Amino acid sequence: MVDSKRMQINERLTDVIRGRTIELVSKEEGMVTILFDDHSRLEIKTTGGPGANFLGEGRIEMVEEDGDSLTLFGEEDRAATLRLAIPGSSVIVKAQNGEVEYSG
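Take 1380 as the starting number for the sequence shown in the working numbering and just add one per residue.
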């Protein structure tokens, strides 16, 4: 489990996606895409192979970031940690219409 005491809450990203419900997680080499039930999507450029989805289909509660590590926290103490390809520019949230809601 990740020691959340050493990580920083990514308040901007948390504010954008908190409460959204995960509908589908797509994992490919170098990319994880999370589709939410409102048809918005979170795209994360990663290094290494795809990891396991420990979030299930619950809601996102918080996002923490430390260097190249991004941890998504969901309901029932579920969490998934991903290694960012380029810290600070590997995460995009797009609304259903394709409008960028967050980039960082």
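Quick reminder that beta carbons are idealized off the backbone N, C-alpha and C, glycines included.
Here the structure is a predicted model, which means the values were calculated and not measured.
- Note on geometry: alpha-carbon atoms of E1443 and Q1475 lie some 24 Å from one another.
- In this structure, A1464 sits near K1424, with a CB-CB distance shorter than 7 Å.
- When D1445, E1478, G1427 are compared, the shortest CA-CA separation from Q1387 is found for D1445.
- Spatial neighbours of V1395 in its own chain (CB-CB distance under 7 Å, excluding positions within 5 residues in sequence) are listed in chain order as V1472, E1480, Y1481.
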